[in-house]
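First the structure, in the form of structure tokens, and then the observations on it.
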Amino acid sequence: MNAGILKPGLFLSLSAVVSPIRRLLRLTWRYAAVVLSIFGCLLAYLFNVLTGRTSPEQRAQALHRSSVRLLRWLGVSYSSQGTAPASGLIVSNHLSYLDILLFSAVARCVFVSKREVKFWPGIGWIATLAGCIYIDRARHHGTHDVQPQMAATLTAGVPVVLFAEGTSTDGRQVLPFRSSLFQPAVASRVPISAACLSYDIEDGDPAIDVCYYGDHVLGPHSLNLFGKGNVTASVRFADCAKIYTNRKDAARQLHEQVCALKAQSAAEVSRVATAVV
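Laid out in structure tokens, this is it:
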């Protein structure tokens, strides 16, 4: 009789010991995975330089291979809805440092990102080796400075992903888009399409544990995220791309499309949750 009473307590004690050990092992492996990916990217980059394979398309291909592998090692499963554009500007919401890995795993592409990402350990180094286009938001002409680089990549036929909100958010809403970065695509008359990212996590809240925004600090945030269970990521692409003649019209219409894609994703999640219940 006493043994029966002690069993639940013994189970809880074992769980209290096993859970931190599992978290520590998970953290150790995932941080090691980031280091291995950086090392692999460096070797690939040096090989490409030595063999003359430094075009945006070839660098995007290298990032694609690294992203697929790293997401698997980090316990991030992903899916996509719609067809990823083979060229042109892809405009999306921005939630996390995982966004670059997710987009690159789904579509071989180059990114436009804030300059701060360049100095992030791991993700920033990988993005730099892959040819990420950085904007210095502190400079008045920061946006204007990157337009030639964006135009060159777009005309080379490599998809460019733009996080047009200008910053990352908790995913509850899509911030207004900054129209200035649409100008290279408008001037080059390349198609612009919309995409929307979303995340779920098995033992947490994606708005807190996955999304990286505001006053979050990379070290503590990644320490928390990498210690948690698996993450499920999704990217949804709009059905059609369009050539625009006015950047402000492009910003407004693409914002509406991203919001519509976000609503579709939310409706699908709700439907699945209802079906499970």
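Quick note: the sequence shown uses our numbering, first residue 716, plus one each step.
No residue lacks a Cβ here, since even glycine has one placed at the ideal position from N, Cα and C.
Source: prediction; values computed, not measured.
Asked, Found
"Alpha-carbon to alpha-carbon, residue 937 and residue 740", "15 Å"
"Alpha carbon of residue 763 to alpha carbon of residue 769, nearest angstrom", "6 Å"
"Reduced DSSP secondary structure (H/G/I, E/B, other) of residue 913", "strand"
"Through-space distance from residue 908 to residue 955, alpha-carbon basis", "7 Å"
"Runs of beta strand (DSSP E) lying entirely within the region 926-953, each at least 3 residues, in chain order", "946-952"
"Outcome for residue 754 when other beta-carbon atoms lying within 10 angstroms are tallied against a minimum of 16", "exposed"
"C-alpha gap between residue 958 and residue 901, whole angstroms", "7 Å"
"Member of 877, 839, 860 and 807 whose CA lies at the smallest distance from the CA of residue 826", "877"
"Neighbourhood of residue 858 by C-beta distance below 7 Å, restricted to the same chain and skipping five residues each side", "850, 895 and 896"
"Among 805, 773, 840 and 811, nearest to residue 749 - alpha-carbon criterion", "840"
"CA-to-CA distance, residue 810 to residue 738, given in whole angstroms", "24 Å"
"Coil, strand or helix - residue 807 by DSSP", "strand"
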